[in-house]
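Protein chains: 4
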Amino acid sequence: MSTIVSPSVAADDYLRVRQFSDLLCAPIGPEDATAQSMPEASPLKWHLAHTTWFFETFLLRRDDHYRSPFPEYEYLFNSYYNSVGKQFPRPQRGLVTRPTLDETYAYREYVDGRVADAIAAGLLERDPAAAAVLVLGLNHEQQHQELMLTDLKHLLSHNPLEPAYRADQFQPATPADRDQWLTFPAALYETGHIGDEFAYDNESPRHRVWLEEFQLAKHPVTCGEFLEFIAADGYSRPEFWLSEGWATVQRECWTAPLYWTQHGDDWSEFTLAGRQPVDPHRPVCHVSYFEADAFARWSGARLPTESQWEVAAAAQIPTGNFVDALLAADEPVHPAGGVRDEGPARRLFGDVWEWTASSYAAYPGYQPAPGALGEYNGKFMNGQYVLRGGAAITPVGHVRPTYRNFFPPHARWMFGGLRLAR
Amino acid sequence: MSTIVSPSVAADDYLRVRQFSDLLCAPIGPEDATAQSMPEASPLKWHLAHTTWFFETFLLRRDDHYRSPFPEYEYLFNSYYNSVGKQFPRPQRGLVTRPTLDETYAYREYVDGRVADAIAAGLLERDPAAAAVLVLGLNHEQQHQELMLTDLKHLLSHNPLEPAYRADQFQPATPADRDQWLTFPAALYETGHIGDEFAYDNESPRHRVWLEEFQLAKHPVTCGEFLEFIAADGYSRPEFWLSEGWATVQRECWTAPLYWTQHGDDWSEFTLAGRQPVDPHRPVCHVSYFEADAFARWSGARLPTESQWEVAAAAQIPTGNFVDALLAADEPVHPAGGVRDEGPARRLFGDVWEWTASSYAAYPGYQPAPGALGEYNGKFMNGQYVLRGGAAITPVGHVRPTYRNFFPPHARWMFGGLRLAR
Amino acid sequence: MSTIVSPSVAADDYLRVRQFSDLLCAPIGPEDATAQSMPEASPLKWHLAHTTWFFETFLLRRDDHYRSPFPEYEYLFNSYYNSVGKQFPRPQRGLVTRPTLDETYAYREYVDGRVADAIAAGLLERDPAAAAVLVLGLNHEQQHQELMLTDLKHLLSHNPLEPAYRADQFQPATPADRDQWLTFPAALYETGHIGDEFAYDNESPRHRVWLEEFQLAKHPVTCGEFLEFIAADGYSRPEFWLSEGWATVQRECWTAPLYWTQHGDDWSEFTLAGRQPVDPHRPVCHVSYFEADAFARWSGARLPTESQWEVAAAAQIPTGNFVDALLAADEPVHPAGGVRDEGPARRLFGDVWEWTASSYAAYPGYQPAPGALGEYNGKFMNGQYVLRGGAAITPVGHVRPTYRNFFPPHARWMFGGLRLAR
Amino acid sequence: MSTIVSPSVAADDYLRVRQFSDLLCAPIGPEDATAQSMPEASPLKWHLAHTTWFFETFLLRRDDHYRSPFPEYEYLFNSYYNSVGKQFPRPQRGLVTRPTLDETYAYREYVDGRVADAIAAGLLERDPAAAAVLVLGLNHEQQHQELMLTDLKHLLSHNPLEPAYRADQFQPATPADRDQWLTFPAALYETGHIGDEFAYDNESPRHRVWLEEFQLAKHPVTCGEFLEFIAADGYSRPEFWLSEGWATVQRECWTAPLYWTQHGDDWSEFTLAGRQPVDPHRPVCHVSYFEADAFARWSGARLPTESQWEVAAAAQIPTGNFVDALLAADEPVHPAGGVRDEGPARRLFGDVWEWTASSYAAYPGYQPAPGALGEYNGKFMNGQYVLRGGAAITPVGHVRPTYRNFFPPHARWMFGGLRLAR
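Chains as they are written, first to last, in the working numbering: chain A, -7 to 414; chain B, -7 to 414; chain C, -7 to 414; chain D, -7 to 414.
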C-alpha cells in the first residue's frame, strides 16, 4: 500500500467511487435495502453504511478532535475489526431497520463532506498513511459494490414474485470454441504484486514459484458444458466429488448451480434481470468449489492453481465484462462471455470469478498491515479457496492479475465459475 | 359464530377495524415494516397483507367469478391454512421485500373496495355464511393488530439505537393495595361462550365444571413484587421452577423479564416508547409461563385455572387499559395498572394477558368450524397455556370473559403477566 | 406416601423388586448394557446403578455416619435431583463406560447388603420416613425396570443385525370385538388416590370432577385398525393432525408407528423378540400422542380425558398382560391383547399405556413431597400428556387405577397405545 | 503402491501388525470398547472390526467364490467407501452393540485364518494387486491402531472417574535447549515419495518445489512454552488468531489445550495413564491448528510448510517416541520429548504430530488409486491441514519423511503439537 496519491486525483477518485455506489443502489427502495437473506450476506443499507463507517473510522478519526454526530454507528457498522471494538452480530444485520435508507444516505453525505474538507485541508500531503487509507477505503468500497449486487440477487431470489434489479433484455451469447488450450512451459516463475499501484497486503510479497509445464483452457466453462455434466448424472455420482462436497450435495439436495430451475427439459435461472432461460454459451456461474472441482474431475481435467492462473494473466490489462460496461451498454448484469474487450487470446477477466485449486494462504514472507487494517485479509486465511479474475458485478479497475478473492468451498451465491487446466 | 349482522353495521364495522390497522401502522416506515425478528414474529407489512388476504380468500373468493389481480398473493400470504394450499415458509417472511409497503397498502385498498362493493350488492343478506366470515375476519384482524405492536416491539428491541414506536411520556403509576383477595365458593359452575355475540369456536360449548373454593388476587402482580422475586435469587433457585423452565433459564441466561436491563441498582425496560425506568407499580409484563409459575410458587400461591379466572370475570364488561384508550389519551402503549375504567373491584381486563395454569385444550364436546376456517383454533391445542383478559396492545371490544388466548410456556415477547390464586 | 410397612414385609419386598431387575437384565451383556441410543433413553447399566443410588442417597445417607465406598457415584448417578447436587449430563450417560457392568452389580450387592443390615437393625421402626422412602424407592425401581426394556428395545432397533432381547415365539392373537362401548352417566365423580396403599404424590389429593355422559371403547385400538388409518392416507392428510403433530410427521417422515416397516404389502415390526409380522389383533403400540389424536379424529372419536379413564377403572384390580406374566409364560414381552386376566368387561390394564387427552398437571390442592423427593413429579408438569393403565413391560403391582404416567406428545419409544372415547 | 512383497514376509508382517492391534486392546473390556464419544471418533470394537472388514472386502472378496459367514458386516463396517456400497451412519457406531467384543475377536480370527490360507495358497504370487492390497491393509490397520488410542483417550476423558488405559508412572522429562534453529538455503528441492517401499498415493508424485531460505526449530514447542502463551492471555487476544479460530475459542470456551485443567496455579492433564501434572519439558499436545497458528504468531514465528518440514526430514530414518517403544519400556503412552532415539540433531519423528501451514491438497500430477481404494485419500483434500512426523501413539515403521497426515483446523483430540519456523 505504498501508493503515491495526488490529492486532486484522490478527491476525484473518492467522488467517483462513492457515487458509483449510489448509482448501483438507485433502483432499490427501502424494503429491498433492509432485508438480510442469510448470515453471510448483508443488507444493501448496511453496505452503504459500513463503507462510510470505514472512512469515518480509519480516516476521519485520525483527527483526535473529530467528534462523530453518529457515535453509536461505530459499534453498529463495524464488520469484524476486533481492534476497533465489539461488533453488532452479523446474522442480525437485517434487524437494524434504523437508520433508515434515507438516514443512511444522509450519513454518507455527511462523511463525504468531511472527507472532502479534510482532503482540501491538506490531510493527504500531511499524513501519507491517511492517503494509503483513502486508497484502501476506495478499494474496500468497490469490494462492497460487488457484494451489494451479489447479496441483493440472493435476497430477491427468495421472493416467489422473482422481482428484478433491472429489467434488461437478454441477447443470445456468441458461442466460444471449445477445447482450446494455452500451454506454459516448466519454469521458475515470479508471482505476487510488484510496483507502486495499490494492491492488498495478501498479494505480497512477490515471490518465486516453480511450475511444471501446464495447459490452461482459453475460456471459462459454459452453461452448455455444465448441462452435459448434469445430463451425465454428475450430481449423483460420488466418484467425482470431494467427500465434504458429496455430503453437501446430499444434505442441500443440489442438482444444478444455484438459481437454476428445471421445467421439463428446459432450464432457467434467476438473474438480476429476473428469470431467464439458461444460455448454453454464457459462462456457468454460481457454482461452488465442490461443483467446480467435480466438473473438472468428470472432464478429465482439474482446476488451475492460483500461480498457474496468475502466470497466464501476468502483465495483462484487465478488460472484460465488468459491471460498469454492462450498465453503460444497458446489458444485463450477468456473465456474458463472448468477445467484448477481449485481451490477447485470453478471456481471463470479468464475467465470472474463477475457482482455483489453491487454498487461500499467506505468501512466503507475508506480513499483514499493522493495526486494525491488518485484520483485513490475513485472519481469513483458512477454510477458503482463491478465485481470480473478477466478474460481471465487479467494478472495472478493481481487479488485477495478482488480485486474490476467496470464499469457502460450499459458497455459491457469489458469481463463481471455473476454467479448466491440465 | 351464529352471529346476526346487519349489513350497514357490518360495513361500518369493517371500515372501523380496517382503518384502525392503518392508524396503528401510521408511524412506521418501510424499513421497520419489512424486517422479521424471529420465526414466531412477523413483519408489519406481512400482517397488513395477510389480514387482507383473509378477506380476499374467505369472502371475495366465495364468488366463483372473482379473479384476483394479485394471484400470487394467495400463496404468499397464507399463514397456515393447509386446506387453502401450500404456505410460504414462515421464518422467511422478512425476505419478502415485495410487495413494498406502498404496494401493500394498495392491496388493502383494492380489497376494501371490493368488500364494500360486495356488501352493497347484498352479499351478507344473500349468504349468511359470508356474514359470519366477515365478523370472523374482523376479529382476526384485531388479533393481528395486537401482534403488529407485539412483533414491532420485539424487532425494535434488537436495534442498539432503541428506537421508539411513539415518543409518549411515562407518568408514575398509582400503587395498588397488595394482598387483597376475592373468594369464590365451591360449586358446579358453567363456563364457555353463551349468547349470539361473536366468539371463537374454542370458547364453546358452554359446559359445567366443578370448582372447589378458591381465592383470586384483586390485581395482577406488579413490577415491584417481581423485583422482590429477583432480589430473592428467584432466577437461580431451581426449586421454584418446572424442570423445562429451569433448563430454559439456564440455556437462555434469563435473569429478569424480557426487555429488562439492570445498570447498578437501577432497572429499566425497553418499551414502545423507548427505554424507560421499571415502574414498581405497573403490572409486570413479558414474563413466560415458566416465570409466572416460578413466581407463584415462590409466593406460596399458584396460578388460577382458566375456569377460575372465567368465573371471576363472568358477566363483566371488559374495560381497562386497551390500546385505543391509551392512544387516545397520548399515554404510552404499555401496561399501566391503576384505576382507569376499573370494573367493580376487579382489574381483570387490559394491561397484561394473564397466564393461567390451564393447558390449552378442547372443551368437552368441542367441534371445530367446518372447512378451512376450522384450522383457526383446534389444531394448536397442544403445548400451550391459556392466557386471559387482554393487554395494553389489545383493541377494546376484542376480548370477552370467555376469550382464550394461548402461547407456549417459554414465550415472552407478547404482553404476558400474571395474577395469583390460592 | 403415608404407607404403613412391616419391616419383614419391607425386607421381602426389597429383595423381590431388586432381584427382578437382575432377572430382567440377565440376558444382557456389557456391550448392550453400556450404550445410550438417545438423550431421553438411558443405558441399562445406568438404570441398574441409578436405582441403587436412590437407596444409597435417600435411605443409607439418612445415617450421618454413613460413608460410601463409592463417593463419586453421588454425582455420577444423580438423574435430576437439583437439591442433591449437580448432575452428570444426561446425553452423555453412554460415555460412562466405568463402572463396568460387573462393578455395577457389585455396587448393587453392596447397597443391598447395607439396606438389609439397616432393616434388620430396626431402621424402619425407628424412622417412619425411612420406611416411606423404602417404598418409594421400590416403586422407583419398578419404573426403571419398565424403562430398562423400553430403552433397550430402542437401542437394539438401531442395529441392522436386529438382535433380540429374548427369542420368544409369537402366536397369533385372538380377535377382539370391534365397536363396543361402555357408557358412563353425567355426574360429579371423585378421582385421585385414596387409602393407605402407596401412591405417588401426583395422584393426590382426591378431588371432585364433573363429567358429562361419555362412552369409552371396550378395548384398545388394534394394529389392524391402525393399518386402516394408514391405508386411508392418514399420515398424509393434515386435517387429522394437530399443527405441531403435522410438522413432526413431515420433519421426521413418519408413515407408521415406530418400529414398523413395510415390504410390499406386508408390515413387520421390530420387537424385543426381533423382527415379527404386525399382528392385526394385537393392540397398536409405539404411537405418539400426535398419532393417537390423529387416529381418533379420523375415527370420528376422540381420546378420553384422564378423569374419564379413571372413572372407568375405579376400584378395579389391575390385571392384564404385564411383564412378569409374559416372562413366566415364555411369551414375548409385547402387547398381546386377548383375554388373559381380563377384568370384568374392561381391558384397561397392561399391554399398552393409553394416551389420554389430558395434559399432565397438578390436581387441585396438589402439594409436592418435601425435600429432594419433591422433585419426583411436580417439576415435570408441563409439555406432557397423561397415559394410563400400564403396559407389557410394566411389572405387575406397579400400576393402579389412579396411576399417572406422562410423556411429551411426540414420544414414541415407550409402549404407548390408545383407546377411543366419545 | 508398486511394492514387491515376498509371501513369507507378507505373512509375517500380517501376523505382526494384526497381533499388535490385539496387544493394544488387551487392557480394554467390552464397555470401553463399545462407546463412541463423538461422531469423529469410533469405538475400539469398531476399529477392530473395520480393519478386518478391509481385508475381507478388498482381499478375500477378490475371490468370486468367497462367501462370508458375516454378510451383514459388509454394510456395517464400511467406513466411507461409496463404491463398495452404503454405509452405516458414522455418528451411530456406538449403538452397534453387536457383534460383541468377543464376537469381534472371533471375526478377526476367522478372517486372519482365511488370509493365511490365501497367502499359503499362493494368492500373492498369482495376483500382484492382492499383494499391494495386503500391504495397504496393514498400513491401514496401523492408522487405526493410532486412532484406537486416540479415540479411547477421548472417551475415557468424559468419565468423571478418569479411568486410565494403563497405569504407567510419569517421570520428569529432560529439558530441551530453547531457541535453536536449523537453517536451510533457498533452492529448488524435490519432495514426495520415491523408491519401491510402500507409500500412500497422496505422497506422490515426487515433484519439484522452490523454497526460499528458511529456519526450522530444533524441537517441538513444549508445554512450558505454551504455558507462557496462556500466561500472556494468548487465549483472549484476537490479534493472534485466525478469524474462524477466534470464533471457535469463544464458542468452545477454550483456555488451554484439550485435556488440560487448572487448579489454582497448577495445571494437570488427562492422559492415557490418568490425570497427571503438566510437565513443562514435554512437547505440548492436543492443540488445534488454530492454537498452533496463534502460538506461532504470538512467538513472532510461523508454522513451517509441509515442504519445508519434508526437506528437513529428507532421508532420515524415523526414530523417536513411538507407541511400541513406550509400551516396551513401560513408559506412559504420551509425548515424552527428550533424547530417546534422537536422529542426527533433529527430533522430527514421534511424540507429537506437527501441524504445518499447508492445506492438504493434491501434489501436481496426483492420481488417486483406481477403484474403491482410490477413495482412500484424495476425496478428503479440502478443509484440512497437513501434519507430519508421527506421535506417541503411532506404531513405529508407520511414518516416513514423506508421510502426510491431515486433520481439520479445529481438531484437538488427536496428538497434535507444533514446531516453529521462520
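From the three backbone atoms N, C-alpha and C, an ideal C-beta is built for every residue, glycine too.
TODO: Please compile the residues from chain A whose C-beta is within a distance smaller than 8 Å of the C-beta of PRO197 of chain B.
DONE: Those within 8 Å of PRO197 of chain B in chain A number zero; the least Cβ separation is about 41 Å.
Open item on the list: Below 8 Å on C-beta distance, what does PHE80 of chain D contact in chain C?
Closed with: PRO152
Task: Buried or exposed (CB count within 10 angstroms, at least 16 for buried), TRP430 of chain C - done: Outside the displayed span of chain C (-7 to 414) sits residue 430 of chain C, for which this structure offers no information.
TODO: Run down chain C in chain order and give the residues with a C-beta less than 8 Å from the C-beta of GLN84 of chain D.
DONE: Taking a Cβ-Cβ threshold of 8 Å, the residues of chain C close to GLN84 of chain D are HIS150, in chain order.
Task: Given LEU116 of chain B as reference, the closest of B:GLY77, B:TYR157, B:LEU51 once Cα atoms are compared - done: B:LEU51
- [ ] Please list, in chain order, all residues of the same chain as HIS39 of chain A whose beta carbon is under 7 Å from its beta carbon, the five residues on each side excluded.
- [x] HIS136, LEU139, MET140
Task: Under 8 Å by beta carbon: chain A residues contacting SER29 of chain B - done: LEU87
TODO: Determine which residues share a DSSP beta bridge with ARG267 of chain A and list them.
DONE: A:PHE262
TODO: Out of B:ARG54, B:THR247, B:ALA178, B:TYR352, state which residue places its alpha-carbon closest to the alpha-carbon of VAL201 of chain B.
DONE: B:ALA178
TODO: Could you give the DSSP three-state label for ASN74 of chain B: helix, strand or coil?
DONE: coil
Task: Sequence-distant residues of its chain with Cβ nearer than 7 Å to LEU7 of chain C (five each side left out) - done: none
TODO: Could you check the C-alpha separation between GLY335 of chain C and TYR281 of chain C for me, to the nearest Å?
DONE: Note that GLY335 of chain C scores a pLDDT of 49, beneath 50, so its modelled location is shaky; the value from the coordinates is reported in the next line. Their Cα atoms are separated by approximately 26 Å.
Open item on the list: What does the alpha-carbon distance come out to for the pair GLN242 of chain C and TYR227 of chain C?
Closed with: 9 Å
- [ ] Give me the Cα-Cα distance between SER222 of chain A and THR142 of chain A, rounded to the nearest whole angstrom.
- [x] Per the sequence shown, the amino acid found at residue 222 of chain A is Ile instead of Ser. Answer to the nearest angstrom: the Cα atoms are 25 Å apart.
- [ ] Buried or exposed for ASP109 of chain B, please, with buried defined as at least 16 other CB atoms from any protein chain shown within 10 angstroms of its CB.
- [x] exposed
Task: Beta carbon of TRP405 of chain D nearer than 9 Å to that of GLY381 of chain D - done: In this structure, GLY381 of chain D does not lie closer than 9 Å to TRP405 of chain D by Cβ.
Task: Residue ranges of each beta strand (DSSP E) within the region 127 to 185 of chain A, 3 or longer - done: 173 to 176, 179 to 183
TODO: Could you tell me whether any Cβ in chain C is nearer than 9 Å to the Cβ of ALA383 of chain B?
DONE: no
Task: Supposed close pair VAL416 of chain A, PRO393 of chain A - CB separation, criterion 8 Å - done: No answer is possible for residue 416 of chain A: it lies beyond the span of chain A, which begins at -7 and ends at 414.
Task: Buried versus exposed call for TYR58 of chain D [16 or more other C-beta atoms within 10 Å across all chains shown] - done: So TYR58 of chain D ends up on the exposed side.
Open item on the list: Nearest by alpha-carbon distance to SER235 of chain A: which of D:ASP225, D:GLN376, D:GLU182, D:ASP171 is it?
Closed with: Nearest neighbour of SER235 of chain A by Cα position, chosen from D:ASP225, D:GLN376, D:GLU182, D:ASP171, turns out to be D:GLN376.
TODO: Answer with buried or exposed for ILE186 of chain C, where buried requires no fewer than 16 other C-beta atoms within 10 angstroms of its C-beta.
DONE: Answer is exposed; the Cβ neighbour count stays below 16.
Open item on the list: Rounded to whole angstroms, what is the Cα-Cα separation between PRO152 of chain D and VAL325 of chain C?
Closed with: 36 Å
Task: First and last residue of the uninterrupted alpha helix (DSSP H) at SER351 of chain B - done: It is not in any alpha helix (DSSP H) - SER351 of chain B instead sits in the beta strand (DSSP E) that spans 345 to 351.
- [ ] Would you grab the beta carbon distance between HIS150 of chain A and SER75 of chain A for me? Rounded to a whole angstrom, and I think it's under 8 Å.
- [x] Between SER75 of chain A and HIS150 of chain A the Cβ distance is about 35 Å, and since that is not below 8 Å, they are no contact.
Open item on the list: If you measure between the beta carbons of CYS215 of chain B and VAL127 of chain B, is that distance less than 9 Å?
Closed with: no
Task: Beta-carbon contacts of MET373 of chain D that lie in its chain and below 7 Å, excluding the five residues immediately before and after - done: TYR352, ALA353, ALA354
- [ ] State the Cα-Cα distance for the pair ASN369 of chain A and CYS277 of chain D, rounded to the nearest angstrom.
- [x] 29 Å
Open item on the list: Check this for me: beta carbons of ARG294 of chain C and ARG414 of chain C, under 9 Å apart or not?
Closed with: yes
TODO: For MET(-7) of chain A, decide whether its Cβ has a neighbour in chain B, counting only Cβ atoms nearer than 9 Å.
DONE: With a pLDDT of only 37 at MET(-7) of chain A, under 50, the local geometry of the prediction cannot be trusted, and the value read off the model is given with reservation. No - not a single Cβ of chain B is within 9 Å of the one on MET(-7) of chain A.
Open item on the list: Is it buried or exposed, VAL1 of chain D, if we count other Cβ atoms within 10 angstroms and call 16 or more buried?
Closed with: Exposed.
Open item on the list: According to DSSP, is GLY409 of chain D part of a helix, a strand, or is it coil?
Closed with: strand
Open item on the list: Could you compute how far the alpha carbon of ALA224 of chain D sits from the alpha carbon of VAL391 of chain D?
Closed with: 35 Å
Open item on the list: To the nearest angstrom, how far is the alpha carbon of VAL420 of chain A from that of VAL279 of chain C?
Closed with: In the structure as shown, chain A starts at -7 and stops at 414, and residue 420 of chain A therefore has no counterpart that could be examined.
TODO: Report the option in C:TRP45, C:ASP55, C:TYR72 whose CA atom is closest to the CA atom of TYR65 of chain C.
DONE: C:TRP45
Open item on the list: Going by DSSP in three states, ARG243 of chain D sits in which element: helix, strand or coil?
Closed with: helix
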